[in-house]
Each structure stands twice: as C-alpha cells, then as structure tokens.
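Let me begin by presenting the structure, written as structure tokens, before commenting on it.
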Amino acid sequence: MGDCEAAQATELVRALRHQLHDMTTQLARVERQDVTTMRKGRASAMRRDIKEAQALIDQLQRRYLNGEERTHQHPAGRQRSGAADDCYISGFTESGELGR
1417 MGDCEAAQAT ELVRALRHQL HDMTTQLARV ERQDVTTMRK GRASAMRRDI KEAQALIDQL
1477 QRRYLNGEER THQHPAGRQR SGAADDCYIS GFTESGELGR
C-alpha cells in the first residue's frame, strides 16, 4: 500500500465522519419529534445508515491506516494527511463532502 492510498483513505474517513455527524444530528432531531409510523421508519433507516458509515470507517482504518487516523491539523483548521498534498484525491469538495 502506498502513501496515496493511505491519503485517500484518510480523506474518505474524514468525509464519512463529517457525514456521520450530520446524520446523527438529524436522527436526534427526528427522534425528538412526534413518534409517528413514518418518522419511526425514517429513524430506523437513519440508524442503519449510521451503522453502515461507522462500519466503513472501521474497515478503512483497519485496511489502510493500521487502525489509526494519520492526520494532522493544518493552520486553517482543515484536516489533511501529509501524503495527500502529493497525491490527487478526486471526488471531495473543499468542505470534505463527496462531490457528485
């Protein structure tokens, strides 16, 4: 495994964590609302998505990052891996979300 693969995995883990945070915030909001059948189904689907995101993060860390996240803080507050500066990492926007 090369530095570019580790850098890509690090960026993907960061983007997944950002998305995971958004999903858990949204789930908490849904759970605070009335408990209707439609909202129960939505909350259940969100829990499955959250569990899947957590599993993907764990798999990426085990496979590419040896169980740790190799990142450091840049002055602007954006997390990046050192190897990412030398590699082309496609598909991510500046905010860390996966581009379409």
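The sequence shown finishes on residue 1516 if you use this note's numbering, and the numbering steps up by one all the way, no holes.
We put the CB at the ideal spot given by N, CA and C, even for glycine.
query	result
Given 8 Å, three or more beta-carbon pairs between the segment 1428–1446 and the segment 1469–1479	yes
Where His-1434 sits in the DSSP three-state scheme	helix
Straight-line gap, Leu-1476 to Leu-1443 (C-alpha atoms, nearest Å)	24 Å
Straight-line Cα distance separating Met-1462 from Val-1429	19 Å
Leu-1481, DSSP secondary structure in three states	coil
Same chain, Cβ closer than 7 Å to Glu-1421, five either side skipped, listed in chain order	Tyr-1480
Three-state secondary structure (DSSP) of Thr-1452	coil
Expected contact under 8 Å - CB spacing of Val-1446 and Arg-1455 to nearest Å	6 Å
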